[in-house]
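Read in UniProt numbering, the sequence shown has 138 at position 138, and its numbers run on one by one without any break.
All C-beta atoms in this analysis are idealised placements derived from N, C-alpha and C, irrespective of residue type, glycine included.
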Amino acid sequence: MALRPLRKCSSNTSASRFCPPSRKVQLIVSGGIRNGADVAKAMALGADAVAIGTAALIALGDNHPRLDEELKKIGSAAGFYDDWQNGRDPAGITTQDPELSKRLDPVEGGRRLANYLRVLVLEAQTMARACGKSHLHNLDPEDLVALTVESAAMARVPLAGTSWIPGSGSGY
């Protein structure tokens, strides 16, 4: 996968603290990326790319309600299983157990994952277009507003309906 280098780091970009003036860096955001809006927000805050993990496992068929009986046997339930590292994944996705891995239909899983990724990209592109941008990489912090004072302060973006950024010293 080729990634576009971070060409400029402005003081209002959250990524700026990772960008030494003499070097180009790539910022890849991971964790909590579930939908296109999450992708668009990460890109607007300076990410060059995002990585997905749990969302891809869910798209492949993990945590599916059809696995409820199997999940109950290991003390979990559909929608709550997150012990993928233990090798007992009843969907057969994150296991080395030959019997469990037979449960994964790679063709169906691939179709489901491709559909998820297609929709993820379309949602992110729609968010960029709604901001008047021609490309997802053209999003920047000025395209964001925060819904709470806390998130406005953390992301250094204005509170919705105002131009106020908590902690910036600027007024309403």
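Simplified DSSP assignment, three categories, for residue i
i: I134; result: The amino acid occupying residue 134 in the given sequence is Ser; Ile does not appear at that position. In this structure, S134 counts as coil in the three-state DSSP scheme.
i: A40; result: helix
i: I28; result: strand
i: A49; result: strand
i: P90; result: coil
i: N35; result: coil
i: R112; result: helix
i: P141; result: helix
i: T54; result: helix
i: P106; result: helix
i: Q96; result: coil
i: W164; result: coil
i: A153; result: helix
i: S76; result: coil
i: N12; result: Note on N12: pLDDT 44, under 50, position unreliable in the model; the coordinate value appears next. Of the three classes helix, strand and coil, the one that applies to N12 here is coil, per DSSP.
i: D82; result: coil
i: D62; result: coil
i: G169; result: coil
Bridge partner(s) assigned by DSSP for residue i
i: L159; result: A146
Residue i and residue j closer than 7 angstroms at C-beta
i: V50; j: V39; result: yes
i: E150; j: N35; result: no
i: D68; j: A78; result: yes
i: A59; j: R111; result: no
i: L144; j: M43; result: no
i: I93; j: D62; result: yes
i: A152; j: P166; result: yes
i: Q96; j: G87; result: yes
Assumed close pair residue i, residue j - CB separation to whole angstroms, cut-off 8 angstroms
i: L45; j: A155; result: 6 angstroms
i: P90; j: L71; result: 6 angstroms
i: S76; j: G53; result: 18 angstroms between Cβ atoms; not a contact.
i: A146; j: L159; result: 6 angstroms
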